[in-house]
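Structure first, commentary second.
Number of protein chains: 2
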Amino acid sequence: MDDKNLTIGDIAAELGVSKTTVSRAISGKGRIGEQTRERVLEYIEEHHYSPNVVAKGLAQNKTFNLGMVLPGDYNIVELPFFQNCMLGISRTASSHGYDVLISMVTADDITQLERAVTNRKIDGVILTRTLTDDAPMKYLKENGVPFVAIGSADDESVVQIDNDHQTACRELTGKLLECGIKRIALIGGDERYIVTRSRLSGFEDAFTARKRWNGEKQIFLNVDGSSEVEHIVDGLLADRTECIVCMDDFLCGCVLNALQQRRIEIPEQMQVVSFYDSTTLAYRMPSITSIRYDVEELGRMACELLLKILDDEEVKRRTLLGYEVRMRNSTRSA
Amino acid sequence: MDDKNLTIGDIAAELGVSKTTVSRAISGKGRIGEQTRERVLEYIEEHHYSPNVVAKGLAQNKTFNLGMVLPGDYNIVELPFFQNCMLGISRTASSHGYDVLISMVTADDITQLERAVTNRKIDGVILTRTLTDDAPMKYLKENGVPFVAIGSADDESVVQIDNDHQTACRELTGKLLECGIKRIALIGGDERYIVTRSRLSGFEDAFTARKRWNGEKQIFLNVDGSSEVEHIVDGLLADRTECIVCMDDFLCGCVLNALQQRRIEIPEQMQVVSFYDSTTLAYRMPSITSIRYDVEELGRMACELLLKILDDEEVKRRTLLGYEVRMRNSTRSA
DNA sequence: CTGAAAGCGCTTACAG
DNA sequence: CTGAAAGCGCTTACAG
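So the sequences go chain by chain: A and B. Each residue of the first sequence is one higher than the last, beginning at -7 in my numbering. Each residue of the second sequence is one higher than the last, beginning at -7 in my numbering.
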């Protein structure tokens, strides 16, 4: 285990070659005799040498660290989305020789991100959600830090990757309408999240695509917390609404609780659908019709995009990933 | 924004002093004239200089990065516990000039951790759970990497911090027994997690403390997934069990679903309690009696312990944090 | 109180 | 194909 602090210099001395040569054998850059390279590589193998990445970074002006920006708000941070995302990012980064450094930010405090940047701890950044008027994004642009955003953004200059929330929501809503639903409601969270807006658009697209649909739709945004949901649910029950579309699994959980408490049968008296299909709702009875995204894949691809950018490769400005509509027992089958 | 790449050398040249002097003004180490220091500091302030932490690290053989080890298993990673932990760690690290680098490991794959260590990317590590026969722990010990474990471990040489799960579970179980419960069941997850064992001990302590209790208790460990829970619940219903103690909120969610599906009234026909009090169960009706831990605080203190160790300060081998028993409507009141 | 110099462990023109 | 030397941006004995 003493090998731990072997340096390129030690190896050079031991083998009677120069540090330059050792460095070349390792990196594969520059011409070097086949013989010499093998000798060096063998020695390295035997003695478990592994290069000091920090020193390498200093010389190359890199850190081999990627920043991952996470929302540090309570509640939100708990959404499984971010963890699954992290899994994908972490694995990909790791397999490319990078590590992942986290920065938790809130709407009005991005100091952790600023520290990571000004301290030159990271080569690039992955944003894990997008907002209208996105402070981290603004900061990164101003400071010329390479980044990719998971989520969508109006700004065409930012490299973004997202599931196609709008189409997903349109398709799901469409299916519901096809089943003859006349009264439908949409409940969503913070309107500053782009994803909230995308889903809203998809929801509305479904109606404009069906000109003959003459029912009633209701929309509730910026819904936050259980008591507000209860109030809304009471209103919807009074209105004889047939279906509630929930924009995330947390809100859906609240809706389900409210319905259960009021002894409303699902789907007979009220249908319910949600997004994400996370474990938050797994095993709920009845099973919940939901959109499913491959969030780990999303993280993986975001990471690969960033790595390409760091390698000065060209990348698509916008990548749209798919989704899957899973019809289950919380809705009447088509 | 050009200030970005200011170096200590630039400042020295500009001010007509040596790099040594600039360094001393910044670090506060070594004697330096009051006048000179102020001049340097002023210049730095004006030009938004911020030192290259990587270079500093190379010179001092530090990275100012802390490793955080997270379980990379699906499902488990989704437990809000780890996110809240991360919040505490991240904030504390940040306020001490450190960043947090994540390594996701599974029971049989700790390569991400190994990479971070052999690449010398981190100064120390925080483990976020403990297992019997803990691979990351073993690796860190063998390689002399400073670390603290969130969770308990038999090994007296490891610095560990944990909520007092055993006492918590004993107290909660005790309260239930005081209410006259005669048939009680415990459902828990993976037995290799120390926390599962601690809670089991606490559960049993409650009975030994009440010698005259003559009821029936059942214990199910290594329970994994919803169908197994359903099967257990059916058995318990047949047995006329009065109360189910769930070791985590995920299992509790499964239990609640199974009961709801079977039209069992809580707490009239079955009482239910859980641990963590996470948002997974928030807003469930009836509200769930539960233990509550301050997980962010746990992360914060773990991080502070590690920072002290890195500073060569003495620390307590074992820190036990409190808990709160929250009696709610899923149990009959005492 | 201050500075010249060596060093942290790498990389990379440049010269041979 | 190989090496001496300078450099990445800091710190830190050592000397004055």
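Idealized CB from N, CA, C, for every residue including glycine.
* Is B/CYS238 closer than 7 Å to B/SER266 when the C-beta atoms are compared? -> Yes, Cβ-Cβ distance for B/SER266 and B/CYS238 is below 7 Å.
* Asked: Between B/HIS39, B/LYS54, B/GLU37 and B/GLU38, which lies nearest to B/VAL45 when the distance is taken from Cα to Cα?
  -> Closest option to B/VAL45, Cα to Cα, is B/LYS54.
* Can you pull the DSSP bridge partners for B/CYS238? -> DSSP, once it has assigned bridges, lists B/ILE179 as partnering B/CYS238.
* Asked: At least one CB of chain B closer than 7 Å to the CB of A/MET96: is that the case?
  -> Yes - at least one Cβ of chain B is within 7 Å of the one on A/MET96.
* To do: Count the other CB atoms, across all protein chains shown, that sit within 10 Å of the CB of B/ARG121; report buried if there are 16 or more and exposed otherwise.
  => Burial check for B/ARG121: the Cβ neighbour count within 10 Å reaches 16 or more, so the residue is buried.
* Beta-carbon contacts of B/ALA141 that lie in its chain and below 6 Å, excluding the five residues immediately before and after -> The beta carbon of B/ALA141 sits closer than 6 Å to the beta carbons of LEU119, THR122, VAL150 and GLN152 from its chain, once the five residues preceding and following it are set aside; these are given in chain order.
* Asked: Mind checking if A/ARG276 is an interface residue toward chain B, Cβ cutoff 7 Å exclusive?
  -> Yes, A/ARG276 lies at the interface with chain B (some Cβ there is under 7 Å from its Cβ).
* Asked: Can you give the Cα-Cα distance for A/LEU251 and A/VAL225, rounded to whole angstroms?
  -> So the two alpha carbons sit approximately 8 Å from each other.
* Closest to B/ASP216 by CA distance: which of B/ILE3, B/LEU243 and B/GLU34 is it? -> The shortest Cα separation from B/ASP216 among B/ILE3, B/LEU243 and B/GLU34 belongs to B/LEU243.
* Beta-carbon proximity check, A/GLY80 vs A/GLY291, cutoff 7 Å -> Yes; because the gap between Cβ atoms is below 7 Å, this pair is in contact.
* To do: Consult DSSP for A/SER86 and reduce its assignment to one of helix, strand or coil.
  => Reduced to three states, the DSSP call for A/SER86 is helix.
* Please state if the CB of A/GLN261 and the CB of B/SER86 are separated by a distance shorter than 7 Å. => In this structure, B/SER86 lies away from A/GLN261, with their beta-carbon atoms at least 7 Å apart.
* Would you please verify whether the beta carbon of B/SER322 is less than 7 Å from any beta carbon of chain A? => For B/SER322, the nearest beta carbon of chain A is not closer than 7 Å to its own beta carbon.
* Asked: For chain B, is any of its Cβ atoms less than 7 Å away from the one on A/CYS295?
  -> Chain B, which has no Cβ nearer than 7 Å to the Cβ of A/CYS295, makes this no.
* How far does the beta strand (DSSP E) with A/PRO63 in it reach, from first residue to last? -> Note, A/PRO63: beta strand (DSSP E), 57 to 63.
* To do: Run through the segment 120 to 174 of chain A for me and flag every whole beta strand (DSSP E) of 3 or more residues, listed as ranges in chain order.
  => Counting whole runs of 3 or more residues, the segment 120 to 174 of chain A contains the beta strand (DSSP E) stretches 139 to 142 and 151 to 155.
* Asked: Can the beta-carbon of A/ILE36 be found less than 7 Å from the beta-carbon of A/SER15?
  -> Cβ atoms of A/ILE36 and A/SER15: not closer than 7 Å.
* **Distance between beta carbons of A/ASN321 and A/PRO259, contact taken as under 8 Å** => Cβ-Cβ separation between A/PRO259 and A/ASN321: approximately 7 Å, consistent with a contact (criterion under 8 Å).
* Measuring CB to CB, does B/VAL317 end up less than 7 Å from B/GLU163? -> Yes, these two residues count as a Cβ contact at 7 Å.
* Asked: Can you list, in chain order, the residues of its chain whose CB lies under 7 Å from that of B/TYR315, leaving out five sequence neighbours each side?
  -> Cβ within range, chain order: ASN155, ASP156, ALA160, ILE283, ARG284 and TYR285.
* Exposed unless 16 or more other CB atoms sit within 10 angstroms - verdict on B/ILE176 -> Looking at its Cβ environment, which holds 16 or more other Cβ atoms inside 10 Å, B/ILE176 is buried.
* Could you have a look at A/ARG310 and say whether DSSP puts it in helix, strand or coil? => Strand.
* Asked: Where A/PHE195 and A/ARG324 are concerned, what is the direct C-alpha to C-alpha distance, given to the nearest angstrom?
  -> Straight-line spacing of the CA atoms in A/PHE195 and A/ARG324 works out to 19 Å.
* Beta-carbon proximity list for A/ALA108, same chain, < 7 Å, skipping 5 on both sides -> Excluding its 5 nearest sequence neighbours in each direction, A/ALA108 has C-beta neighbours in its own chain below 7 Å: GLY59, LEU93, SER95 and ILE114, listed in chain order.
* Asked: Shorter than 7 Å from the beta carbon of A/VAL99 to some beta carbon of chain B?
  -> A small correction: the amino acid at residue 99 of chain A is Ala; Val does not occupy that position in the sequence shown. By this cut-off, A/ALA99 is not an interface position.
* **3 or more residues per run - each beta strand (DSSP E) lying fully within the segment 269 to 302 of chain B** => List check, beta strand (DSSP E) in window: 281 to 284.
* Under 8 Å Cβ to Cβ from A/PRO43, same chain only, skipping five residues before and after it: list those, please. => Excluding positions up to five away in sequence, the list reads ILE0 and ILE18.
* In three-state terms, what does DSSP make of B/THR323? -> B/THR323 falls in the coil class under three-state DSSP.
* **Sequence-distant residues of the same chain with beta carbon closer than 7 Å to B/ASP65, five excluded per side** => Only THR98 meet the Cβ criterion.
* Asked: Applying a beta-carbon distance threshold of less than 7 Å, which residues of chain B neighbour A/ASP226?
  -> Using a Cβ-Cβ cut-off of 7 Å, A/ASP226 is close to nothing in chain B; its nearest Cβ partner there is about 14 Å away.
* **Whole-angstrom distance between A/MET293 and B/ALA127, CA atom to CA atom** => For the pair B/ALA127 and A/MET293, the Cα-to-Cα distance works out to about 30 Å.
* To do: Report the partner residues of B/PHE267 according to the DSSP bridge assignment.
  => B/PHE267 is bridged by DSSP to B/ILE283.
* To do: Within its chain, find whatever has a CB closer than 8 Å to the CB of B/MET319; leave out the 5 residues flanking it on each side and keep chain order.
  => Excluding its 5 nearest sequence neighbours in each direction, B/MET319 has C-beta neighbours in its own chain below 8 Å: LYS167, THR281, SER325 and ALA326, listed in chain order.
* **Rounded separation between B/PRO138 and B/MET129 - CA only** => One C-alpha to the other measures close to 10 Å.
* Using 7 Å as the limit for Cβ to Cβ distance, is B/LEU93 near chain A? -> Answer yes: the Cβ-Cβ gap between B/LEU93 and chain A drops below 7 Å somewhere.
* Asked: So, using beta-carbon positions, are B/ASP355 and B/TYR268 closer together than 7 Å?
  -> One cannot answer for residue 355 of chain B here, as it falls past the ends of chain B, which runs -7 to 326.
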